[in-house]
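Notes follow once the structure below has been shown.
In the numbering used here, the protein residues as written are 320 to 462.
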């Protein structure tokens with residue numbers, strides 16, 4: 320599992336806005352750390368990026384009252400879309416792992432499992448393309 324990136328110089332007596340900025344910067348860095356392997360389709364990269372995005376999302380929710388109302392809502396919606404896109408890819412990875420486990424337990428289901436894995440592989444490829452497109456749009460939004 321991806322280890323969280325924690326902010327440096329975080330202190331209990333600092334203003335909330337400063338602490339929020341440092342935490343959000345750390346969560347953003349965590350997301351950026353896993354983007355490249357995830358966008359190439361690496362199974363562990365997808366999993367690690369999904370965890371990092373969830374951490375970013377929850378940090379954003381915690382500090383949402385500090386964002387300008389409209390911008391905060393827009394940013395959170397984009398992060399939710401990214402989480403959903405990662406989920407679509409990751410779900411296919413998990414299904415494939417379960418199919419492999421079933422293959423050893425139920426050898427007579429080989430043909431069925433092979434067919435299902437073919438379908439899931441196609442769905443994963445399509446979801447990964449969608450995810451790559453979403454990331455491109457997000458990268459442009461950040462500017």
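A virtual CB, placed ideally from N, CA and C, is assigned to each residue, including glycine.
- Just so you know, the alpha carbons of residue 423 and residue 411 end up roughly 19 angstroms apart.
- Sixteen is the threshold: when 16 or more other Cβ atoms of the shown chains lie within 10 Å of the Cβ of residue 371, as they do, the residue is buried.
- Residue 328 sits away from residue 366, with the two beta carbons spaced by 8 angstroms or more.
- From the listed residues 399, 430, 431, the smallest Cα separation to residue 450 is found for 399.
- Taking C-beta atoms as the reference points, residue 357 and residue 324 fail to come closer than 8 angstroms.
- Shown here, residue 320 sits in coil according to DSSP, grouped into three states, outside any helix or strand.
- Where residue 336 is concerned, the enclosing alpha helix (DSSP H) starts and stops at 335–358.
- Look at residue 451 here: in three-state DSSP terms it is helix.
- Sixteen is the threshold: since fewer than 16 other Cβ atoms of the shown chains lie within 10 Å of the Cβ of residue 456, the residue is exposed.
- For residue 382, same chain residues with a beta-carbon under 6 angstroms away, outside a window of 5 residues either side, are 339 in chain order.
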